[in-house]
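Asker:
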Amino acid sequence: MVTGAAITGFGSAVPAPMSQDALWADHFRAAYGGSRVAERIWHGAGVRTRHAVVDPRVEDISGWGTGDRMRRYQTEAMPLGKAAVGDALSAAGIAGSAVDLFAVVSCTGYATPGLDILLARDLGMPTHLQRLVIGHMGCYAALPGLAAVTDAVRARGLTAVLLCVELPSLHVQPGEGDIEQLVAHALFADAAAAVVVQPAAPDSPSSKALELVDIVASTDVAHHGEMTWDITDTGFRMRLSPKVPAVLRRHVRTVVTGLLARNSLSVGEVAGWAVHPGGPRILDVVAEQLELAPDALAASRAVLRDYGNCSSATVLLVLDTLIATQTVPAGAPVVALAFGPGLTLYAALLTA
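If you count by the working numbering, then the sequence shown holds residues 869 to 1220, one letter each, in order.
#1: Reducing DSSP to helix, strand and coil, say where Trp-892 ends up.
#2: Below 8 Å CB to CB, which residues in the same chain sit around Leu-1078 once its five sequence neighbours on both sides are set aside?
#3: Less than 9 Å between the beta carbons of Ala-945 and Ser-965, yes or no?
#4: Just the Cα atoms here: how many angstroms apart are Val-870 and Val-922?
#5: Identify whether Met-869 lies in helix, strand or coil by the three-state DSSP scheme.
#6: Whose C-beta lies closer than 7 Å to the C-beta of Arg-1117 among residues of the same chain, with five residues either side of it excluded?
#7: Short check: CB of Ser-887 to CB of Thr-917, under 9 Å?
#8: Rounded to whole angstroms, what is the Cα-Cα separation between Ser-1132 and Pro-1197?
#9: Measure the C-alpha to C-alpha separation of Gly-1140 and Leu-1211 and round it to an integer number of angstroms.
#10: Looking at C-beta atoms only, is the number of pairs between the region 1110-1125 and the region 1085-1094 that lie closer than 8 Å three or more?
#11: Compute the distance between the beta-carbons of Asp-1058 and Ala-920, then report whether it is under 9 Å.
#12: List the whole-angstrom C-beta distance separating Leu-1000 from Ala-971, where the pair is believed to meet the contact cut-off of C-beta under 8 Å.
#13: State the Cα-Cα distance for the pair Leu-1030 and Pro-1145, rounded to the nearest angstrom.
#14: In chain order, what residues of the same chain have a beta carbon less than 6 Å from the beta carbon of Leu-1213, not counting five sequence neighbours either side?
#15: Looking at Leu-1080 and Ala-1216, is the spacing between their C-beta atoms short of 9 Å?
#16: Could you say which of Val-1064, Gly-992, Val-967 and Thr-1182 lies nearest to Ala-956 if we only look at CA atoms?
#17: Exposed or buried, which one is Val-882 when buried takes at least 16 other CB atoms within 10 Å?
#18: On a Cα-Cα basis, can you pick out the residue from Glu-1094, Asp-1098, Tyr-978 and Ile-1099 that is closest to Lys-1111?
#19: Compute the Euclidean distance between the alpha carbons of Gly-877 and Ala-1010, then round it to the nearest angstrom.
#20: Suppose the cutoff is 6 Å on Cβ atoms and the five residues either side in sequence are ignored; what does the same chain contact list for His-1004 look like?
#21: Evaluate Pro-885 with the Cβ neighbour count: other Cβ atoms within 10 Å of its Cβ, from every protein chain shown; 16 or more gives buried, anything less gives exposed.
#22: Answer with buried or exposed for Ala-1034, where buried requires no fewer than 16 other C-beta atoms within 10 angstroms of its C-beta.
#23: Only counting runs of 3 or more residues, tell me where the beta strand (DSSP E) segments fall wholly within the region 957-1017, in order along the chain.
#24: DSSP beta-bridge partners for Glu-1034?
#25: Quickly, what does DSSP pair Trp-1234 with across the bridge? List them, please.
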């Protein structure tokens, strides 16, 4: 009898690496007229290495129309998505033919037939495959995506794959003198991340599994304009207000303690934290509001440092890093947090 649903495999893929320092020196310093304010923002982003399908030092796409960017998205996302899902399937020990539900999350590219159809074909998934596409929710979208596939696994005993593919580098905008655009350029990078979710029976535990127990959301609509992701004729344009950390400060503790309390837990009992690294200030706010130990967000800071903010794929990268680098006792709680437009906060409780 199926009693739960567990993440049994992680996979990820990224494009070529780029040095944050080299990008500033070779491109963005000139683009921002050598501004010391811009330089301080760039080097304060907490990113050392990023990965991107477009290197602005080599290729200028800032004037491209949205149609050209979407076509490029499909071309670049296919191999990344295939690699990420392939690794997740291998980690779970199953073939593509065993997948019943394939969910694809993205806010940076769209096409039909899209990745859900074309990757299913290339990975040998069955023709009766059920598919779900979640679009334009932003950085927190992996968590509602995980909730949706987990519910399907629990209710109907399916085997599911969730894939997040984000290519923000395709949305570099013209007129780079805008400081808010600089913040986006300094933080965001490209990645694909995938998980396999399978039925979890009590007599077949996996030492590498994480089970989703509960999930909550909170949206501060009064501040919806502080983070936006608008579709324009020249791709998608982000607005990321410096007020975002202050807005999150009002909600983080209430949301997390509420989630834990309804599962008879406290902050001190959480064995692992996978917090979406929207930027260093956001991580600082979470640590401060939850009174966490200095190293509690080590996995989040490592992903920000080595990958940047990869939108919806990021929290899956953090979960994978957390499980790979920290010892989480069997049955111990893990909390995942992610933030995005709305202004929205999602919190998920998992157990090892």
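Even glycine gets a Cβ: it sits at the ideal position worked out from N, Cα and C.
Just so it is clear, the structure is predicted and the values come from calculations on it, not from any experiment.
Answerer: On the basis of the coordinates in this document:
#1: The three-state secondary structure of Trp-892, taken from DSSP, is helix.
#2: Sequence-distant Cβ neighbours of Leu-1078 in its own chain, meaning closer than 8 Å and more than five residues away, are Ala-874, Ile-875, Leu-1187, Ile-1191, Val-1202, Leu-1218, Thr-1219 and Ala-1220.
#3: For the 9 Å CB-CB criterion, Ala-945 and Ser-965 do not form a contact.
#4: Because Val-870 carries a pLDDT of 48, less than 50, the predicted location of this residue cannot be relied on, and no value is offered for it.
#5: Low local confidence applies: a pLDDT of 42 at Met-869 is under 50, so the model's placement there is unreliable, with the coordinate-based value given in what follows. Coil.
#6: Same-chain partners within the cutoff: Val-1153 and Gln-1157.
#7: Result yes, Cβ atoms of Ser-887 and Thr-917 sit closer than 9 Å.
#8: Their backbone Cα atoms lie some 18 Å apart in a straight line.
#9: The alpha-carbon atoms of Gly-1140 and Leu-1211 are separated by roughly 25 Å.
#10: Yes, the region 1110-1125 touches the region 1085-1094.
#11: Closer than 9 Å, so yes.
#12: Indeed they touch by this definition, with Cβ atoms about 4 Å apart.
#13: Per the coordinates, the alpha-carbon of Leu-1030 lies some 20 Å from the alpha-carbon of Pro-1145.
#14: Cβ within range, chain order: Ser-1086, His-1119, Val-1123 and Phe-1207.
#15: Their beta carbons are under 9 Å apart, which means Ala-1216 touches Leu-1080 by this criterion.
#16: Closest in alpha carbon position to Ala-956, among Val-1064, Gly-992, Val-967 and Thr-1182, is Val-1064.
#17: Per the 10 Å Cβ criterion, buried.
#18: Here the closest residue by C-alpha is Glu-1094.
#19: A direct Cα-Cα distance of roughly 15 Å separates Gly-877 from Ala-1010.
#20: The answer, listed in chain order, is Cys-975.
#21: Pro-885 comes out exposed.
#22: One point to set straight first is that residue 1034 is Glu, not Ala, in the sequence displayed. It counts as buried.
#23: Here the runs fully enclosed are 969-974 and 998-1003.
#24: Ala-1059.
#25: Residue coverage of the chain in this structure runs from 869 to 1220, which leaves residue 1234 outside it and unanswerable.
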